[in-house]
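These notes are about the structure you will find just below.
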Amino acid sequence: MPALSRMQAESVLRAARGTRPLYDELRPAYVRLDPLVALLRRRGFSGLLHASGQPGEGVVWFDHGRLHSAWLLPAEGGEVQVEQQDPLAVLRVLWADTEATVAVRSAAPPVAAGTPAPTRPIVPVVPAPTAPVAALGPTAAAPRRAGRAVPAEAAPVEPRLLAGIPWARLLPEALARVRRHRGTPLARELEAAVNAVLAPDAVLMGREIHGLIPAERAAAALQAIAAGLQRVAGAAFAERLIWTLGRDFACEAAVKRLVAPEGEA
Amino acid sequence: MMALLLPVLLLAAGLAVFLPAPVDAEARVLQHVFSLVVQIAAAATTALLLFGAARGYARRDHERRVWHLIAAATASWAGGLLTYALLEWFGRMRPYPSSADAFLLLAFLLLFVALLEEFRLVNRMLTARQRLALAGFGALLWIVVVGGFMWPLLLAPVDGLEKGLDLVYASMVALLLPLALGPAMAFRGGTSGYIWLGVALGVAALALAALGFAYLTSYDLYSDVHPINLLRVLGLAGLGASAAWHRRMIEAV
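First to last, the sequence lines map onto chains A and R. Count along the first sequence from 1, then add 1496; that gives the number in my numbering. Count along the second sequence from 1, then add 85; that gives the number in my numbering.
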């Protein structure tokens, strides 16, 4: 196993602990390791699964759902053991300790074993922006289409309009409706696109969002859903689904402005 | 709701026409007339339902083009049946091959283009294993159909045109069914998945009906009232039901 300086590892973990946890204070007695890992993988999670117990501290890093690497910081001190072949082996040791505590946090995984990512620092939760959301634009998963289409760059929407939208309920419901009409593969694909927009502040898992979502990112996530849906189901269907969603969540005007067809925004 | 009932009514009419054995000559003539009327009505109604499904999309939407192509295929199928009925009316004894086959070939070509378009749209939502399974399923179907049933006809000393048509009709089910099952797989878990299963069922029934028509005609076993024609009505009803359901799904979002 390649070695990593304990000081380096603790520094990275300290920064990671500053972010809001997706799960915290879990106990191995109540949470099984493999299903939890499977869930995080399926959701395209980027961050760390951290366990702390008698043998020390164990960390497994995820990079967009892929198991990246694992660190074991032994309780008795000494160098950090970096495990890349079987990252889960580190946590299995800690899972045997019923008194251990487990947490899941969004964070940028290390670039290479033992080396914290220098280019993607862990971003703390930021307040909602004061600038109009369209200045940011949606994700790259929004190709333009000719004609009456959900725009890649919508007209500016007042931040106060976006702030009033219940994003934590609206985004999962949008994906649930996509799944109901166009099936699971597309819903999963769009969920990954949403998580790419929300990362590292929040992550969408099933019908729940963990973390705080700045309004401008949530708006971009909705635009990513609309664009992805339009690519498969067409502009009329995407527009109808998203607008109906806006109506059901009493935010029709803001949603229409966000995903309005070109020339109508 | 009425649109969803139409395919059911057509299927019921098909069962009523094709299943009973006629007791006398007059009943046989009536059954003959009803057979053609039910088939042409089924094709025309299905084409209307499919055009209705296409209208649920915006002008430049990919799926609008797909449903339009399937509707055009069904309309062409109706044209083929009408031509065939007219040829029979004017005393042509052997119905195959005839000018009606040009319409049926056009119908299959349009279906192929439509399904290929839809497959291309959903292709990236399928895994490599699923694509491989579909291709393998198509190849297996082709081997079973051609190797199991059609080889005596393909080796027989008949007209080249007839032999060519035999091969095309024999290959259609192997070509179209995997293409129609692709979207059903890609949309699995959603309403669209079931709709495309209905399309796959319809396409398979139509392709098998064409195959049966060619096969039975070669052995002089085909007649307008043969139960194999129930497959045509079933296929058209499957497409019609899928189109009506699709339209309803779009409107009820």
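Using N, Cα and C, we set each Cβ at its ideal position, and we do this for glycine too. Just so we're clear, the structure is a prediction, and the values are computed from it rather than from any experiment.
Residue contact with chain A for R:L206: present (Cβ-Cβ distance below 8 Å to some residue of chain A). Taking C-alpha positions only, R:L89 is separated from R:S120 by approximately 22 Å. Going by beta carbons, R:G297 and R:L316 fall inside the 8 Å limit.
The DSSP assignment places complete beta strand (DSSP E) segments of no fewer than 3 residues inside the stretch 1524-1551 of chain A at 1543-1549, in order along the chain.
The way I'd put it, the stretch 1668-1676 of chain A does touch the stretch 1712-1729 of chain A; three or more beta-carbon pairs between them come closer than 8 Å.
In the DSSP assignment, R:Q124 falls within the alpha helix (DSSP H) that extends over A110 to A139. A:S1602 and A:S1507 do not touch by the CB rule: their CB atoms are close to 18 Å apart, not below 8 Å. Among the CB atoms of chain A, one or more fall inside 8 Å of the CB of R:E148. Inter-segment contact for the stretch 114-134 of chain R and the stretch 152-167 of chain R is present: three or more beta-carbon pairs are separated by less than 8 Å. For R:G165 and R:R150, the gap between their C-alpha atoms comes out near 22 Å. Annotation for A:Q1580: no beta strand (DSSP E) segment contains it, and DSSP assigns it neither H nor E.
Fully contained in the stretch 140-204 of chain R are the following alpha helix (DSSP H) runs of length 4 or more, in chain order: 147-174.
Using a 10 angstroms sphere on the CB of R:P182, the tally of other CB atoms reaches 16 or more, which defines it as buried.
Residue-level contact by beta carbon holds for A:A1731 and chain R, with a gap shorter than 8 Å.
Neighbours of A:H1560 in chain R, taken as residues whose beta carbon is under 8 Å from its own, are absent, since the nearest beta carbon is some 17 Å off. Boundaries of the beta strand (DSSP E) harbouring A:H1706: E1704 to G1707, taken from the DSSP string. Along the stretch 267-279 of chain R, going in chain order, the ones with a CB nearer than 8 Å to a CB of chain A are A271, F272, R273, G274, G275, T276, S277 and G278.
Each of A:A1596, A:P1606 and A:L1535 was checked against the Cα of A:P1551, and the nearest Cα belongs to A:A1596.
Scanning the stretch 1670-1740 of chain A for uninterrupted alpha helix (DSSP H) segments of 4 residues or longer gives 1680-1694 and 1711-1729, listed from N- to C-terminal end. Rounded to whole angstroms, the Cβ separation of R:A255 and R:V231 is 5 Å, and the two are in contact under 8 Å. Under the 8 Å criterion on CB atoms, A:G1724 is classed as non-interfacial with respect to chain R. By the neighbour-count definition (other C-beta atoms within 10 Å, threshold 16), R:F175 is an exposed residue. If you draw a straight line from the Cα of R:V338 to the Cα of R:A98, it is about 32 Å long. Interface residue (Cβ-Cβ distance to chain R less than 8 Å): A:L1737 is classified as such.
Using a C-beta cut-off of 8 Å, the stretch 1679-1690 of chain A makes no contact with the stretch 1731-1741 of chain A, since fewer than three inter-stretch Cβ pairs fall below that distance. In this structure, the alpha-carbon of A:Q1580 lies about 39 Å from that of R:A269.
For A:A1571, the three-state secondary structure derived from DSSP is coil.
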